[in-house]
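Just so you know, the sequence shown maps onto residues 1 to 213 in my numbering. To start, the structure itself, in structure tokens.
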Amino acid sequence: MQALKGVRSGRNMRPEIQTVKLGDLIYISVQMISDIKEGGVLYVATPPGEPVALVSSLHSSLLKACIQGLGYQKYEDASLNGHDIGSLLRIFNSNNNENPDFLARIPEYSIAPCLTRCGIDFTGRKTDEKYTDDVLGPDPPRLDKLVVTAQRRFFDPERLNKEMRITIQLKSEDIAKTLKCWASKGAVLPTCQLFQIFNQTKSNRINIDANDD
């Protein structure tokens, strides 16, 4: 409440704060109100005592005061968004993940013949399938959007000596399942950066460097 008193708002506006603890999370709603006017509501979900929070908006004037009210002076945007609170917390906070090991490493990729029920698989399909399972983890967090941005110089500088900026936005009910399906069909390589969103990038946004292969 004290931190919110410094928020600039209309005359006679006062903060209204509601909190409730459900399971392992505290849910907070913050709103500036008066007798005749109501401001926008900021919703926050946070595990008690841990330096991570999910917010409904990064553009609310109440955000800074709310962060201070939680005991922190500054915050960093993780560029992570979605609709499943538990899944988002599993990506950025290992304390909320029953299987945190895969978040900290990239498994080694090696192609070798694999024994299957039908014989020996020389296609590498089973190897790719196992690798995608390893890199995504046993219970991959659920994201519904992925934005990939890349900047590269035009392939023929004599015709166009400029950098080309390309942005691809992928929307799906479950990005992990979609990527796994693409890999099984050979549409993407299981070693590409798209599969690193949970253990290295930890974000809905991937920026591909112009010098990357």
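Cβ atoms here follow ideal geometry from the backbone N, Cα and C, with glycine treated the same way. Remember, predicted model here, so these are calculated numbers, not experimental data.
- In the DSSP assignment, Ser-184 falls within the unbroken alpha helix (DSSP H) covering 175 to 184.
- In the DSSP annotation of this structure, the continuous segment of the beta strand (DSSP E) that includes Ala-150 starts and ends at 145 to 153.
- Under a 10 Å Cβ-count criterion, Arg-165 is classified as exposed, with fewer than 16 other Cβ atoms of the shown protein chains found around its own Cβ.
- In the three-state reduction of the DSSP assignment, Val-52 falls in the coil class.
- Boundaries of the alpha helix (DSSP H) harbouring Ile-67: 63 to 69, taken from the DSSP string.
- In the three-state DSSP reduction, Glu-108 falls in the coil class, being neither helix nor strand.
- In its chain, beyond the 5 residues on either side, Lys-171, Asn-204 have a beta carbon closer than 6 Å to the beta carbon of Lys-145.
- In summary, Ile-28 is buried, with 16 or more beta-carbon neighbours lying within 10 Å of its beta-carbon over all protein chains present.
- Between the alpha carbons of Ser-110 and Ser-60 lies a gap of roughly 47 Å.
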